[in-house]
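Worksheet: one structure, shown below.
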Amino acid sequence: MKPVLVTGATGFLGWHVATQLSARGSRVRALARDPARIRELDVDPVQGDLRDPDSLTRAVAGCSIVYHVAADYRLWTRDPAEMYRSNVDGTRNLLEAARNAGVERVIYTSTVGCIGVPDSGQPGDENQPVKLEDMTGAYKRSKFMAEQVALEFARSGFPVVVVNPTAPIGDHDFKPTPTGQVVLDFLKGKMPAYIDTGLNVVSAKDTAAGHILACERGQNGERYILGSENLTLQQI
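Numbering (numbering that gives the first Met the number 0), first residue to last: 0 to 235.
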């Protein structure tokens with residue numbers, strides 16, 4: 000059985016993807032800058048960095064599938080260039096390594112923030128046009144640019160499927176993610192004031208399952224929203 004590579008297994012969503020793949024009997028290889036951080040997982044750790052092409056060449060060697068879940072997910076950063084290096088350049092580095100290694104398919108984790116919003120105010124879908132100018136903040140811009148890189152590879156004939164999760168929540172969000180922090184701050188009464196806006200929240204377990212389904216059933220070059228219910232902060 001050829002191994003399956005997961006990036007981001009030291010993080011929240013990547014941990015769930017790696018865990019589910021392992022439970023299904025896949026031989027999981029996990030990329031990490033510090034392999035010691037994934038000792039609890041039933042995976043083969045491989046040391047590497049998205050900004051280090053040579054380490055990615057070693058990581059993808061012999062793999063059949065790559066789940067690229069890793070991302071620099073921060074709502075604010077002093078140095079946006081660092082985020083672009085990880086999210087945009089890192090995605091290109093990994094896809095080039097995967098293509099050169101003969102990987103059969105890549106699942107790229109984008110974000111629902113890269114889905115356009117119709118002028119009518121109605122919910123957008125995967126085919127809604129969107130431009131870089133529509134993206135606010137370095138994180139969204141970097142993820143939009145990385146998604147364009149993934150779709151560029153798909154158009155060239157390399158099998159890439161994109162998934163766009165909404166706001167995953169659940170166990171193992173130890174850091175926590177910015178999404179998890181918003182929910183925690185609200186529940187602990189740390190927000191002095193807020194607009195009772197909402198989130199489309201989805202279980203991290205369901206999101207991970209959606210990644211696997213995208214690999215099994217997704218069409219190359221297509222995007223798939225992974226979401227669930229629209230809830231206000233008060234409802235959450």
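Every residue gets a Cβ at the ideal spot worked out from N, C-alpha and C, and that includes glycine.
Drop a sphere of 10 angstroms on the beta-carbon of residue i, count the other beta-carbons inside from all chains shown, and report buried for 16 or more, exposed for fewer.
{"i": "D118", "result": "exposed"}
{"i": "S155", "result": "exposed"}
{"i": "K174", "result": "exposed"}
{"i": "E132", "result": "exposed"}
{"i": "T231", "result": "exposed"}
{"i": "D172", "result": "buried"}
{"i": "N86", "result": "buried"}
{"i": "T6", "result": "buried"}
Rounded to whole angstroms, what is the Cα-Cα separation between residue i and residue j?
{"i": "I37", "j": "V65", "result": "18 Å"}
{"i": "A192", "j": "A70", "result": "For A192, the predicted model reports a pLDDT of 49, less than 50, meaning its position is unreliable; a value from the coordinates is still stated below. Distance between the alpha carbons of A192 and A70 is about 30 Å."}
{"i": "T165", "j": "V159", "result": "20 Å"}
Taking DSSP as the reference, what is the three-state secondary structure of residue i?
{"i": "V111", "result": "helix"}
{"i": "E228", "result": "strand"}
{"i": "S119", "result": "coil"}
{"i": "T90", "result": "helix"}
Going by Cα to Cα distance, which pick from the options is closest to residue i?
{"i": "T18", "options": "R32, A35, D43 and D33", "result": "D43"}
{"i": "E228", "options": "Y107, T206 and E132", "result": "T206"}
{"i": "L40", "options": "D51, R28, R50 and A80", "result": "R28"}
{"i": "G169", "options": "H15, P2, G61 and V5", "result": "H15"}
{"i": "V162", "options": "A208, R91, G120 and V129", "result": "A208"}
{"i": "A60", "options": "A80, V116 and V3", "result": "V3"}
For residue i, which residues in the same chain have their Cβ closer than 6 Å to its Cβ, ignoring the five residues on either side in sequence?
{"i": "F157", "result": "R98"}
Could you name the residues of the same chain whose beta carbon sits closer than 8 Å to that of residue i, not counting the 5 residues immediately before and after it, in chain order?
{"i": "C62", "result": "K1, P2, V3, L4, R28, A97, A100 and V102"}
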